[in-house]
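Number of protein chains: 2
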Amino acid sequence: MMIGFDAPDARLPAYARLRDTFTARIATGEWTPDHPIPSESRLAQEFDVSVGTVRKAVDGLVEEGLLERRQGSGTRVRAPSFSASLFRFFPIRETDGSPVSIPSSQIILRSVTQAPAPAASVLDTEDVIKIVRLRSLSDQPVLFEEIYIPTERFAGFDKLPESSLGPLLYPLYFEHFGVMVKRASDEVSFGKASERVAQRLRIRAGDPLAVIERTAFDIENRPIEWRVASGSATNFRYRSEIN
Amino acid sequence: MMIGFDAPDARLPAYARLRDTFTARIATGEWTPDHPIPSESRLAQEFDVSVGTVRKAVDGLVEEGLLERRQGSGTRVRAPSFSASLFRFFPIRETDGSPVSIPSSQIILRSVTQAPAPAASVLDTEDVIKIVRLRSLSDQPVLFEEIYIPTERFAGFDKLPESSLGPLLYPLYFEHFGVMVKRASDEVSFGKASERVAQRLRIRAGDPLAVIERTAFDIENRPIEWRVASGSATNFRYRSEIN
DNA sequence: TAGTGGTCTAGACCACTGT
DNA sequence: CAGTGGTCTAGACCACTAT
Chain A
137 MMIGFDAPDA RLPAYARLRD TFTARIATGE WTPDHPIPSE SRLAQEFDVS VGTVRKAVDG
197 LVEEGLLERR QGSGTRVRAP SFSASLFRFF PIRETDGSPV SIPSSQIILR SVTQAPAPAA
257 SVLDTEDVIK IVRLRSLSDQ PVLFEEIYIP TERFAGFDKL PESSLGPLLY PLYFEHFGVM
317 VKRASDEVSF GKASERVAQR LRIRAGDPLA VIERTAFDIE NRPIEWRVAS GSATNFRYRS
377 EIN
Chain B
137 MMIGFDAPDA RLPAYARLRD TFTARIATGE WTPDHPIPSE SRLAQEFDVS VGTVRKAVDG
197 LVEEGLLERR QGSGTRVRAP SFSASLFRFF PIRETDGSPV SIPSSQIILR SVTQAPAPAA
257 SVLDTEDVIK IVRLRSLSDQ PVLFEEIYIP TERFAGFDKL PESSLGPLLY PLYFEHFGVM
317 VKRASDEVSF GKASERVAQR LRIRAGDPLA VIERTAFDIE NRPIEWRVAS GSATNFRYRS
377 EIN
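As you go down the protein sequences, you meet chains A and B in turn. For the first sequence, my numbering assigns the number 137 to the initial residue and increments by one for each residue that follows. For the second sequence, my numbering assigns the number 137 to the initial residue and increments by one for each residue that follows.
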């Protein structure tokens, strides 16, 4: 009997240690969405456990959305579906309920700076890169965002060439820094537009503002981003599923 | 080999048919939170399958939150934790982020009526009971709610004695009508207070208003409630977890 | 057709709760 | 202590996919 595979995490059950080992392989890029991972029977051999135990470990990761099975074909790392992630992570709809198209994105600023209090407290560091961004729908600005990511995990983000910056940030995090957003926590509130924000959004200072504060977490549940997004409260819709 | 237990739902795998059978036992009240359900080995005997298959069925229901296991003690129907459900289903916080205490609840009206368009479309019937409710925190009104439930499933709700109406509706649904809320979908938007709503909330007509529209679903994913809740947008916080 | 995941079995031993 | 769920095994056969 094998005792600890890679990470001898205490005396957890075999399937749990396996699951952690697999997670590490995904996180380090040893397993990628390009190829199926080894078959369950192969993994059972490699780790000297029964197929059932491998299955239970894989089950957990499928549950978490990190892997996906295809009967007959194999099990793969799930490619983050970033086209869908806009809705997952910014479920704003038109007033009539129809999904909104992906807003275009204009990056106004990227700089290494000191985190404001809420970001520092959430990210547990003051050493951050700040991104300021304006998102628009058919040339109409809809969302003004200030985003903070820890320099430690995203060193050099401020120096990425403009050309590599698409309309979505989470794919960038993944492609350039191997950081995959797994979940996020949003907090919606209402306020009034400051002069500075109002100008960007082309509304008037004092106009009602919808504010979404978000903390995003990676696969290992570490906070990796804090952002505050503001948009005109008029026509604002925020959708949320509760289970 | 047994072919179909209770509900011969096509030719589903055994564990899936078992899971449905178990769900039915919960829904009909045959299994209650009072006593543990039969042990896995007993169920395996009863349905003439292996323990592993029973386990897989139970796993699914535990996953869904309908059952809970206790090692050594047994598996039980999960008593809906209604104290927690306020946060699950109305995750409003104080501005400082601390959880809010359960608001008191004053029912203003209960009556059989015709559903307004959005409720009728969601509930798929115009035959509803309307509940109007004011929720307050230390005598300060915070939320004005109009709630619609189908008469078909909640016949007699309007005639329940006042004394049996607690501060939370979902426990009532469960206790008196056997309807368990399993998930809900919220939509947050922004508006202005009408004269009528403003009076109830003790704010001024035209003041900024946060509006939450919710559709709640039962175990079988049928819509069972549509409500619209309004509160002053000032100090409003809505929290949402995205996975 | 060979190889994959999907289902299922009939056991085993362990960890825990209750009496 | 007997009984429960928790873990794990070493198979079997089926359904599906790719070649």
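Here a beta-carbon is modelled for each residue, glycine too, at the ideal position from N, C-alpha and C.
What are the residues in the stretch 344-358 of chain A lying within 7 Å of chain B by C-beta distance? Pro344, Ala346
Terminal residues of the continuous alpha helix (DSSP H) containing Asp195 of chain A? Numbered from its first residue, the first sequence carries residue 195 of chain A at position 59. That run of the alpha helix (DSSP H) goes 187-200.
Using Cβ-Cβ distances below 8 Å, what residues of the stretch 315-330 of chain A are close to chain B? Lys318, Arg319, Ala320, Ser321, Asp322, Glu323, Val324, Ser325, Phe326
Is there a Cβ from chain B that is less than 8 Å from the Cβ of Glu377 of chain A? The residue given as residue 377 of chain A occupies position 241 in the first sequence. Yes - at least one Cβ of chain B is within 8 Å of the one on Glu377 of chain A.
For Ile162 of chain A, does the count of other Cβ atoms within 10 angstroms reach 16, so buried, or fall short, so exposed? Your numbering for residue 162 of chain A matches position 26 in the first sequence. Burial call: buried.
Can Arg271 of chain A and Pro307 of chain A be called in contact, C-beta distance under 8 Å? Locating residue 271 of chain A in the first sequence gives position 135, counting from the first residue. Locating residue 307 of chain A in the first sequence gives position 171, counting from the first residue. For Arg271 of chain A and Pro307 of chain A, no; Cβs fall outside 8 Å.
Are Pro252 of chain B and Arg336 of chain B touching if we call contact CB-CB under 8 Å? By one-based count along the second sequence, residue 252 of chain B stands at place 116. By one-based count along the second sequence, residue 336 of chain B stands at place 200. Contact: no.
Just how far apart, CA to CA, sit Gly165 of chain A and Gly314 of chain A? Taking the first sequence and counting its residues from 1, one reaches residue 165 of chain A at position 29. Taking the first sequence and counting its residues from 1, one reaches residue 314 of chain A at position 178. Rounded to whole angstroms, Gly165 of chain A to Gly314 of chain A spans 8 Å at the Cα level.
Going by alpha carbons, who is nearest to Glu282 of chain B out of B:Leu273, B:Ser175, B:Ala255, B:Ser299? The count along the second sequence starts at 1 and reaches residue 282 of chain B at position 146. Ranking B:Leu273, B:Ser175, B:Ala255, B:Ser299 by Cα distance to Glu282 of chain B puts B:Ala255 first.
Using a Cβ-Cβ cutoff of less than 8 Å, which residues in the same chain neighbour Glu176 of chain B once the five nearest sequence positions on both sides are dropped? Sequence index remark: in the second sequence, residue 176 of chain B carries index 40 (1-based). Val187, Val190, Arg191, Val194, Thr211, listed in sequence order.
Tell me the rounded alpha-carbon separation between Glu298 of chain A and Arg332 of chain A. Counting from 1 along the first sequence, the entry for residue 298 of chain A is found at position 162. Counting from 1 along the first sequence, the entry for residue 332 of chain A is found at position 196. Spanning the two alpha carbons is a distance of roughly 24 Å.
Measuring CB to CB, does Pro303 of chain A end up less than 8 Å from Lys328 of chain A? Residue mapping note: residue 303 of chain A aligns to position 167 of the first sequence, counting from 1. Residue mapping note: residue 328 of chain A aligns to position 192 of the first sequence, counting from 1. Going by C-beta atoms, Pro303 of chain A is not nearer than 8 Å to Lys328 of chain A.
Alpha-carbon spacing of Ile360 of chain A relative to Lys318 of chain A, whole angstroms: In the first sequence, counting from the first residue as 1, residue 360 of chain A sits at position 224. In the first sequence, counting from the first residue as 1, residue 318 of chain A sits at position 182. Spanning the two alpha carbons is a distance of roughly 10 Å.
Exposed or buried, what is Thr159 of chain B when buried is set at 16 or more other beta-carbons lying within 10 Å of its beta-carbon? One-based indexing of the second sequence puts residue 159 of chain B at position 23. When all chains shown are included, Thr159 of chain B counts as buried.
Could you name the residues of the same chain whose beta carbon sits closer than 6 Å to that of Ser366 of chain B, not counting the 5 residues immediately before and after it, in chain order? Along the second sequence, read from residue 1 onward, the residue named residue 366 of chain B stands at position 230. Taken in chain order, the residues that qualify are Phe280, Val333, Leu345, Val347.
Report the residues of the stretch 294-309 of chain B with a CB closer than 9 Å to any CB of chain A, ordered along the chain. none
Below 8 Å on C-beta distance, what does Ala369 of chain A contact in chain B? Looking up residue 369 of chain A in the first sequence gives position 233. Correct list: Phe326, Pro344, Ala369.
What residues from chain B crowd round Phe372 of chain A, counting only those whose CB sits closer than 9 Å? One-based indexing of the first sequence puts residue 372 of chain A at position 236. The contacting residues are Val324, Ser325, Phe326.
In the DSSP assignment, what residue or residues form a beta bridge with Gly327 of chain B? Counting from one through the second sequence, the residue named residue 327 of chain B turns up at place 191. The partner list for Gly327 of chain B (beta bridge, DSSP) reads B:Leu345.
Per-residue burial, Glu349 of chain B [other beta carbons within 10 Å of its own, 16 or more giving buried]: The residue labelled residue 349 of chain B in the question sits at position 213 within the second sequence. Label assigned to Glu349 of chain B: buried.
DSSP on Leu279 of chain B, reduced to helix/strand/coil? Residue numbering aside, residue 279 of chain B sits at position 143 when the second sequence is read from its first letter. Looking at Leu279 of chain B - three-state DSSP - the assignment turns out to be strand.
Candidates B:Phe372, B:Gln250, B:Ala352: closest to Asp321 of chain B by CA position: Along the second sequence, one-based indexing puts residue 321 of chain B at 185. A small fix is needed here, since residue 321 of chain B is Ser in this sequence, not Asp. Checking every option, the nearest Cα to that of Ser321 of chain B belongs to B:Ala352.
Rounding to the nearest angstrom, what Cα-Cα distance links Arg363 of chain A and Asn379 of chain A in this structure? For the purposes of this step, residue 363 of chain A is taken as residue 227 along the first sequence, with counting starting at 1. For the purposes of this step, residue 379 of chain A is taken as residue 243 along the first sequence, with counting starting at 1. Their backbone Cα atoms lie some 25 Å apart in a straight line.
Mapping DSSP to helix, strand and coil, what is Ala150 of chain A? If you number the first sequence from 1, residue 150 of chain A lands on position 14. Residue state, collapsed to three classes: helix.
With DSSP as the reference, label Thr168 of chain B as helix, strand or coil. Here residue 168 of chain B refers to the residue found at position 32 when the second sequence is read from its first residue. Coil.
From A:Glu199, A:Arg178, A:Leu203, residue whose alpha carbon lies closest to that of Asp170 of chain A: Mapped onto the first sequence, residue 170 of chain A falls at position 34. Measuring from the Cα of Asp170 of chain A, the nearest candidate turns out to be A:Leu203.
Using three-state DSSP, classify Gln207 of chain A as helix, strand or coil. Indexing the first sequence from 1 puts residue 207 of chain A at position 71. Coil at Gln207 of chain A, not helix or strand.
Which of helix, strand or coil DSSP assigns to Glu182 of chain B: Sequence index remark: in the second sequence, residue 182 of chain B carries index 46 (1-based). Note: Glu182 of chain B maps to helix in three-state DSSP.
Can Phe372 of chain A and Ser325 of chain B be called in contact, C-beta distance under 8 Å? Reading the first sequence from its first residue, position 236 is the one you call residue 372 of chain A. Reading the second sequence from its first residue, position 189 is the one you call residue 325 of chain B. Contact flag set, yes.
For the candidate residues B:Val185, B:Pro174, B:Arg178, whose alpha-carbon lies nearest to that of Ala150 of chain B? Translated into the one-based positions of the second sequence, residue 150 of chain B becomes position 14. Comparing Cα-Cα distances from Ala150 of chain B to each of B:Val185, B:Pro174, B:Arg178, the minimum goes to B:Val185.
Output the boundary residues of the alpha helix (DSSP H) element that contains Leu270 of chain B. Locating residue 270 of chain B in the second sequence gives position 134, counting from the first residue. That residue, Leu270 of chain B, is in no alpha helix (DSSP H); its beta strand (DSSP E) goes 263-273.
Given Pro174 of chain B as reference, the closest of B:Gly201, B:Arg205, B:Asp156 once Cα atoms are compared: The sequence position of residue 174 of chain B within the second sequence is 38, counting from 1. Out of B:Gly201, B:Arg205, B:Asp156, B:Arg205 has the C-alpha closest to the C-alpha of Pro174 of chain B.
Taking C-alpha atoms, which residue in A:Ser257, A:Arg246, A:Pro172 lies nearest to Gln207 of chain A? Looking up residue 207 of chain A in the first sequence gives position 71. Answer by Cα proximity: A:Pro172.
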